[in-house]
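Here's the structure, in structure tokens; my notes come after.
2 protein chains.
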Amino acid sequence: MSEKGNREAPPLDTGGRELTMVNETQHTCSASSSSKSDGGSSSGSESSKDSSRCSTPVLDADRHERLREKMRRRLDSGDRWFSLEFFPPRTANAAVNLISRFDRMAAGGPLFVDVTWHPAGDPASDKETSSMIIANTAVNYCGLETILHMTCCNQTKDDITANLQKAKRLGLKNIMALRGDPVGEEWEEEVDGFNYAVDLVKHIRNEFDDYFDVCVAGYPKGHPEAESYEADLRHLKEKVLAGADFIITQLFFRSETFLKFMKDCQAIGITCPIIPGIFPIQGYHSLRQLVKLSKLEVPQEIKDVIEPIKDNDAAIRNYGVELAVSMCRELLDSGVVHGLHFYTLNREVATTEVLKRLGMWNEDPRRPLPWAVSAHPKRRVEDVRPIFWASRPKSYIYRTQEWDDFPNGRWGNSSSPAFGELKDYYLFYLKSKSPREELLKMWGEELTGEESVFEVFTCYITGEPNKNGHKVTCMPWNDDPLATETNLLKDQLEKVNRRGILTINSQPNINGKPSTDPIVGWGPSGGYVFQKAYLEFFTSSEIVTALLKVLKKYELRVNYHIVNVKGQNITNAPDLQPNAVTWGIFPGREIIQPTVVDPVSFLSWKDEAFALWIEQWAKLYEEESPSRMIIQYIHDNYYLVNLVDNDFPLENCLWQVVDDTFELLNSPTQK
Amino acid sequence: MSEKGNREAPPLDTGGRELTMVNETQHTCSASSSSKSDGGSSSGSESSKDSSRCSTPVLDADRHERLREKMRRRLDSGDRWFSLEFFPPRTANAAVNLISRFDRMAAGGPLFVDVTWHPAGDPASDKETSSMIIANTAVNYCGLETILHMTCCNQTKDDITANLQKAKRLGLKNIMALRGDPVGEEWEEEVDGFNYAVDLVKHIRNEFDDYFDVCVAGYPKGHPEAESYEADLRHLKEKVLAGADFIITQLFFRSETFLKFMKDCQAIGITCPIIPGIFPIQGYHSLRQLVKLSKLEVPQEIKDVIEPIKDNDAAIRNYGVELAVSMCRELLDSGVVHGLHFYTLNREVATTEVLKRLGMWNEDPRRPLPWAVSAHPKRRVEDVRPIFWASRPKSYIYRTQEWDDFPNGRWGNSSSPAFGELKDYYLFYLKSKSPREELLKMWGEELTGEESVFEVFTCYITGEPNKNGHKVTCMPWNDDPLATETNLLKDQLEKVNRRGILTINSQPNINGKPSTDPIVGWGPSGGYVFQKAYLEFFTSSEIVTALLKVLKKYELRVNYHIVNVKGQNITNAPDLQPNAVTWGIFPGREIIQPTVVDPVSFLSWKDEAFALWIEQWAKLYEEESPSRMIIQYIHDNYYLVNLVDNDFPLENCLWQVVDDTFELLNSPTQK
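Each protein sequence line maps, in turn, to chains A and B. When the first sequence is numbered by UniProt numbering, its final residue is 671 and no position is left out of the sequence of numbers. When the second sequence is numbered by UniProt numbering, its final residue is 671 and no position is left out of the sequence of numbers.
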């Protein structure tokens with residue numbers, strides 16, 4: 001029975017049994033009706049996108065709900081959830097690490113993350129480390145539902161409006177509205193200024209209508225500056241009445257503190273969700289600092305445990321985890337708490353441990369699509385991407401961020417939207433996670449010829465150490481170790497890389513595996529996923545020449561694109577159409593084809609793929625050095641090749657194509 | 001190698017071997033570049049459609065070319081082709097028959113059909129039998145590339161413009177520009193009037209730029225009213241210079257006549273295609289009449305054969321076929337003729353026979369999609385339809401003809417475009433082909449209860465005669481005998497119809513059969529086609545009640561929609577999304593999913609499906625008669641049910657669902 005149906009009188013002749021009915025007049029689809037509540041403010045283009053969603057695959061209701069609706073749905077269904085708070089890092093390197101952490105912690109399935117606002121750190125700027133840009137990265141590049149904190153005191157109305165507009169432009173839809181700490185000791189209210197968080201809440205609602213979901217802070221012990229606990233509760237109610245959608249509390253040390261606070265809130269008529277802020281103690285110094293800032297008092301029984309072990313970080317963390325787990329259990333067992341908010345201090349271990357012990361860490365997250373869906377409201381309907389950026393999804397999102405056209409949720413007309421300029425690729429989150437010294441160890445302090453390069457590729461595939469004993473755990477085109485799926489092809493990949501077919505992307509053919517398959521599955525359960533075999537590699541023009549002869553035998557079966565850095569392009573793609581290489585069939589849905597090999601975007605990818613030779617590899621070496629000239633030679637003379645075996649139900653023929661090519665090269669007549 | 005590539009210098013390092021290159025800058029796709037030649041005249045919306053075609057499946061270049069391009073491509077590739085001329089019939093019944101003939105002759109693969117203009121028959125009107133409406137039917141409902149003839153003498157400029165505008169609005173893109181026969185004997189040129197076909201050609205080019213492809217008539221023996229053969233050739237050249245795209249000739253009796261004419265045309269600089277008009281002699285009287293009208297002389301050797309057998313129609317037709325075949329062979333063997341135009345006289349046998357003997361009748365026409373693609377320029381990009389109208393495609397096209405939005409060639413947002421009103425369904429081409437008496441014999445002169453109706457359905461499925469000895473060859477929902485594909489399900493269908501599951505649409509599940517499969521195949525070769533099992537039927541509320549209980553066991557596997565005439569609707573479709581039930585995977589292309597079960601359009605289909613009970617069946621009987629009341633009862637009380645088994649790789653479970661339902665109904669507790 002559809003959950004969406006209006007309950008109506010039972011149909012005729014059903015013997016009085018009640019049936020859920022969908023009324024005939026209910027022609028609107030749920031996607032468009034849910035988008036309605038976005039308000040008419042300024043989401044015109046977005047709602048028109050949403051209104052055409054009925055006929056396109058919607059894999060996950062989450063992709064179309066705003067945060068408060070997701071929260072409400074969890075509450076209604078009794079599903080427990082958690083969220084994670086981070087602060088902006090100080091350095092670009094720390095930012096790269098934090099983003100990796102986002103990706104890893106996203107695997108646990110947080111309902112959202114939030115990023116704090118550091119007035120001293122130029123928080124609205126375009127710096128890699130600003131609150132705004134970190135939140136932007138989380139929502140757009142990591143696909144995380146994100147709340148951006150924002151403070152208001154000592155700021156002009158225009159500045160605040162500009163910040164909110166920027167947040168909106170970047171795809172942020174949730175704001176945590178805070179007063180912020182006054183700069184001087186002697187803070188005084190400004191007339192008509194932003195003196196309290198409630199002023200910011202009102203401003204958001206005045207200027208942006210219902211566009212943002214607004215969160216406010218609650219103080220289980222009362223705000224330290226409030227006249228009284230009761231007065232603070234009244235302030236909180238004002239914030240909610242001004243338009244806040246939910247409350248996250250300051251940290252606390254005893255579950256009773258929160259439960260009493262929640263009861264008191266309800267008693268004075270606060271009905272929105274109130275989420276407890278959990279602080280797993282991770283170290284003596286961080287605790288002391290936080291307590292100082294928040295003017296909270298640590299209960300004596302905790303002090304008594306911590307003081308004796310204050311120099312033993314591991315012991316304190318273990319105790320902190322223990323404490324957090326038991327407090328969380330009490331909260332959850334109370335029956336009134338469904339979601340937990342974690343103050344992570346930008347660390348992974350303690351929070352992950354608490355969540356795992358609570359059974360709330362999502363060990364088996366379903367992939368809605370084979371790639372991570374962006375959480376940008378405009379972009380969440382996207383459901384087709386070219387395969388080329390499979391290992392560089394952030395680069396793809398970055399280079400297509402100006403597109404505002406995903407017709408019918410599809411990647412759409414590849415020939416019209418321009419890819420972002422390659423000059424931007426050095427953006428910090430596209431950088432390698434590894435420092436130069438590390439890369440040199442992996443890719444060779446000194447190259448002696450093209451064969452040294454073949455060896456690097458081979459070691460990356462096999463996982464064996466190189467001749468200097470270093471494992472090659474990343475490549476310019478793959479910042480992470482080999483994917484599990486690619487492991488299926490490991491033996492063949494090793495063989496061909498050794499001989500100068502330098503593979504950078506591949507997938508096996510799949511003929512209808514269950515969508516729940518742990519390696520290749522994605523999408524809702526009960527479906528079947530399919531793939532065409534794909535192989536992408538750099539190789540010399542000599543091999544390309546032989547390959548082209550061999551491909552004539554496979555003309556109807558194998559599609560190919562072969563391009564060099566100058567853009568000379570050889571293909572048998574019919575009419576330059578995209579070739580679907582990953583698709584899924586699901587109960588009650590349209591076909592979903594999330595990955596294509598697209599001839600037009602291949603030429604944009606080509607620029608990036610060739611540039612990585614120079615920017616990430618050649619530049620590790622001195623100018624004019626032999627090592628650098630070897631990479632430069634490959635960059636200038638090799639071809640980038642992709643092959644698709646269209647006959648997905650048969651055994652992958654691409655290895656045979658490569659074998660035939662080497663055989664041709666080795667035949668006496670060829671020589 | 002892509003045929004689309006510009007030939008460029010060979011790439012680096014290929015050892016000098018020539019390779020077809022696609023230049024990097026060539027980012028436009030062929031579909032959009034071909035649409036360019038449509039001219040900027042007034043096809044704005046159309047070209048914007050075409051420009052987004054790159055990323056959507058284009059199965060057949062034909063769907064995007066205009067007639068003159070198709071002709072040119074056939075010429076370039078040396079493929080032979082034929083076309084068929086028809087005239088508008090006199091009565092509505094004859095029109096229904098002619099349209100069936102269109103459908104049958106379309107199977108042979110004509111490049112186009114043309115419909116003559118009968119000035120005396122109100123040719124531009126909306127009458128079912130007008131030239132305009134017959135051409136409209138051919139292009140829109142039968143999916144045939146169509147040329148509409150148009151004459152100009154004795155007509156005002158405004159009338160002619162209005163007629164051309166109407167033709168354009170209806171989706172006609174090709175005009176045969178003719179002078180027409182002057183009404184009186186004493187015809188005189190009008191100053192500034194339309195005196196010759198060339199005036200009409202100029203007018204079309206002035207007023208409609210390049211929108212229409214324009215064809216003109218050539219006279220291999222010279223026009224009977226021309227001063228001389230040479231003067232007539234000069235007139236023809238004027239017509240071409242004025243903008244005609246190709247020439248179709250008047251009939252002739254000897255191949256030398258045409259070949260000389262063609263040579264003479266070329267000698268005076270006519271370079272466009274010239275298509276010989278072939279007239280297979282089909283009877284003594286039709287030949288005499290045609291000769292009289294065209295003022296041609298029948299060669300003595302033909303007269304000598306025909307006169308002695310003038311009363312033997314079959315003998316004349318055999319001779320006519322023989323004569324046409326040998327003349328066509330001579331023309332084709334000449335090497336300068338690639339296409340043949342047939343004057344069919346609205347008859348099938350002779351022309352089909354000639355074409356079969358020439359080997360030009362397409363015995364194995366590939367279906368580009370499982371349903372016939374409309375030839376309307378706006379609509380040819382359509383590539384998804386709801387399954388419900390599978391047996392009533394003309395009704396579907398009619399009811400969606402006002403839609404101008406097929407986003408990305410998809411059927412698009414089902415909730416927004418309104419279906420045409422059902423009041424229009426009595427349009428003549430939606431009528432049953434059979435007369436009332438015939439229908440009564442098939443469906444019962446007198447019904448004695450619901451069981452008599454079950455029997456009619458069962459006889460239609462089995463092909464066995466009913467108890468009065470009449471075969472049931474059509475039903476209100478299926479105007480033709482059972483499809484070959486449905487035959488696969490015959491035994492099960494018979495069983496369930498006997499018990500009151502009155503099936504009107506079904507398809508078996510298919511798990512990756514070759515696209516060339518003679519029964520279920522469609523689309524280009526080298527692909528694989530898939531289907532989910534589908535079953536649609538009317539049934540009583542008693543059975544629906546049991547069915548719903550049974551369906552609980554199949555909740556995750558089977559999607560259902562159950563609706564009665566009042567629109568009470570029960571479904572488990574997630575978020576009212578469409579469910580793809582037919583799809584295909586092809587080399588080098590995106591996935592194509594031509595058929596869906598769509599919850600929203602199902603409610604529009606429901607109106608039509610229920611109305612057919614009354615309009616086509618109940619109304620065969622007297623008002624208040626028991627037979628009529630039985631059908632009325634079914635109409636008022638039965639439900640229309642559709643079921644989809646999502647697990648297409650497994651054995652179809654829908655028969656089990658039905659069996660379980662009957663078992664439940666028969667179980668003692670149920671009773």
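Beta carbons are placed, not taken as given, at the ideal position from N, Cα and C, and that holds for glycine.
Inset, instruction - Select from the stretch 589-621 of chain A all residues with a C-beta closer than 9 Å to any C-beta belonging to chain B, and list them in chain order. - result: Within the stretch 589-621 of chain A, the residues whose Cβ lies closer than 9 Å to some Cβ of chain B are Arg589, Glu590, Ile591, Ile592, Gln593, Val596, Val597, Asp598, Pro599, Val600, Leu603 and Lys606, listed in chain order.
Legend entry - Residue ranges of each alpha helix (DSSP H) within the stretch 325-403 of chain A, 4 or longer: DSSP runs (the alpha helix (DSSP H)) wholly in the stretch 325-403 of chain A: 349-357 and 393-399.
Inset, instruction - Please classify tyrosine 284 (chain A): does DSSP put it in a helix, a strand, or coil? - result: Tyrosine 284 (chain A): helix per DSSP, three-state reduction.
Legend entry - serine 452 (chain A) and glycine 444 (chain A) closer than 8 Å at C-beta: Contact: yes.
Inset, instruction - Check whether the Cβ atoms of leucine 290 (chain A) and phenylalanine 279 (chain A) sit closer than 8 Å, and answer yes or no. - result: In contact: leucine 290 (chain A) and phenylalanine 279 (chain A) (Cβ atoms closer than 8 Å).
Inset, instruction - Quick one: grab the DSSP three-state call for histidine 561 (chain A). - result: Reduced to three states, the DSSP call for histidine 561 (chain A) is strand.
Inset, instruction - Return no unless some Cβ of chain A is closer than 8 Å to the Cβ of glycine 526 (chain B). - result: Glycine 526 (chain B) has a beta carbon lying within less than 8 Å of a beta carbon in chain A.
Inset, instruction - Give the straight-line distance between the Cα atoms of leucine 440 (chain A) and proline 594 (chain B), rounded to the nearest whole angstrom. - result: Whole-angstrom Cα-Cα distance: 53 Å.
Legend entry - Residue-level contact to chain A via CB, proline 574 (chain B), 8 Å cutoff: Output row for proline 574 (chain B): interface = yes.
Legend entry - Any chain A beta carbon closer than 8 Å to glutamine 577 (chain B): Interface residue, yes.
Inset, instruction - With DSSP as the reference, label methionine 21 (chain B) as helix, strand or coil. - result: With a pLDDT of only 36 at methionine 21 (chain B), under the threshold of 50, the placement of this residue in the model should not be trusted, and no figure is reported.
Legend entry - Touch test, the stretch 320-337 of chain A against the stretch 257-268 of chain A, Cβ-Cβ under 8 Å, three pairs minimum: When C-beta atoms of the stretch 320-337 of chain A are compared with those of the stretch 257-268 of chain A, three or more pairs fall below 8 Å, so the two segments count as touching.
Legend entry - Residue burial classification, threonine 271 (chain B) (beta-carbon count within 10 angstroms, cutoff 16): It counts as exposed.
Legend entry - DSSP beta-bridge partners of methionine 475 (chain B): Within the DSSP secondary-structure output, methionine 475 (chain B) pairs in a beta bridge with B:Asn478.
Legend entry - Cβ-Cβ distance between leucine 654 (chain B) and leucine 535 (chain B) below 8 Å: Going by C-beta atoms, leucine 654 (chain B) is nearer than 8 Å to leucine 535 (chain B).
Legend entry - Residue-chain proximity (alanine 580 (chain B), chain A), Cβ-Cβ < 8 Å: Yes, contact with chain A.
Inset, instruction - Anything in chain B within Cβ reach of proline 649 (chain A), meaning under 9 Å, just list it in chain order. - result: Gly512 and Tyr528, listed in chain order.
Inset, instruction - Could you check the C-alpha separation between asparagine 163 (chain B) and proline 123 (chain B) for me, to the nearest Å? - result: A straight-line Cα-Cα distance of about 9 Å links asparagine 163 (chain B) and proline 123 (chain B).
Inset, instruction - Could you spell out the range, first to last residue, of the alpha helix (DSSP H) harbouring proline 626 (chain A)? - result: From DSSP, the alpha helix (DSSP H) with proline 626 (chain A) extends over 626-637.
Legend entry - Span separating the alpha-carbon of glutamine 165 (chain B) from that of isoleucine 591 (chain B): Straight-line Cα distance between these residues: approximately 37 Å.
Inset, instruction - Verify whether the separation of the beta carbon atoms of cysteine 474 (chain B) and asparagine 466 (chain B) is less than 8 Å. - result: Between cysteine 474 (chain B) and asparagine 466 (chain B), the CB-CB gap reaches or exceeds 8 Å.
Legend entry - Cβ-Cβ distance between valine 563 (chain A) and tyrosine 639 (chain A) below 8 Å: Between valine 563 (chain A) and tyrosine 639 (chain A), the CB-CB gap stays under 8 Å.
Legend entry - histidine 149 (chain B), DSSP secondary structure in three states: Looking at histidine 149 (chain B) - three-state DSSP - the assignment turns out to be strand.
Inset, instruction - Identify every run of the beta strand (DSSP E) within the stretch 548-607 of chain B, keeping only runs that are complete inside it and at least 3 residues long; order them along the chain. - result: Segments of the beta strand (DSSP E) lying fully in the stretch 548-607 of chain B: 558-564, 569-571, 579-585 and 592-597.
Legend entry - As assigned by DSSP and simplified to three states, the class of glutamate 536 (chain A): Strand.
Inset, instruction - Run down chain A in chain order and give the residues with a C-beta less than 7 Å from the C-beta of proline 370 (chain B). - result: Within 7 Å Cβ-Cβ: nothing; proline 370 (chain B) doesn't reach chain A, min ~14 Å.
Legend entry - Distance, leucine 144 (chain A) Cα to lysine 49 (chain A) Cα: Summary for lysine 49 (chain A): the model assigns pLDDT 29, below 50, so the residue's position carries little reliability, and this model does not support an answer.
Inset, instruction - Let me know if isoleucine 519 (chain B) comes out buried or exposed under the rule of 16 or more other beta-carbons within 10 Å of its beta-carbon. - result: Its Cβ having fewer than 16 others within 10 Å, isoleucine 519 (chain B) is exposed.
Inset, instruction - Could you tell me whether the Cβ of cysteine 29 (chain A) comes closer than 8 Å to any Cβ of chain B? - result: Only weak support exists for where cysteine 29 (chain A) lies, its pLDDT of 31 falling under 50; the coordinates are left without a value.
Inset, instruction - Find the residues of chain A that neighbour residue 675 (chain B), judging by a C-beta separation of less than 7 Å, and give them in chain order. - result: Because residue 675 (chain B) is not part of the residues shown, which for chain B are 1 to 671, the question remains open.
Legend entry - Listed by chain order, chain A residues near asparagine 646 (chain B) by CB distance under 7 Å: Going along chain A in sequence order, the residues near asparagine 646 (chain B) (Cβ under 7 Å) are Gly526, Pro587 and Gly588.
Inset, instruction - Measure the Cβ-Cβ separation of proline 508 (chain B) and leucine 488 (chain B) and say whether it is below 8 Å. - result: With contacts defined as CB atoms closer than 8 Å, proline 508 (chain B) and leucine 488 (chain B) qualify as a contacting pair.
Legend entry - Inter-residue spacing [alpha-carbon to alpha-carbon] between glutamate 353 (chain B) and valine 325 (chain B): Answer to the nearest angstrom: the Cα atoms are 9 Å apart.
Legend entry - contact_flag[the stretch 609-626 of chain B, the stretch 609-622 of chain A] where n(CB pairs < 8 Å) is 3 or more: Verdict: no, contact absent.
Inset, instruction - Would you kindly check if the distance between the Cβ of threonine 571 (chain B) and the Cβ of proline 599 (chain B) is under 8 Å? - result: Cβ distance < 8 Å, so proline 599 (chain B) and threonine 571 (chain B) count as in contact.
Legend entry - Coarse secondary structure for tyrosine 621 (chain B), derived from DSSP in three states: Three-state DSSP puts tyrosine 621 (chain B) in coil, outside helix and strand.
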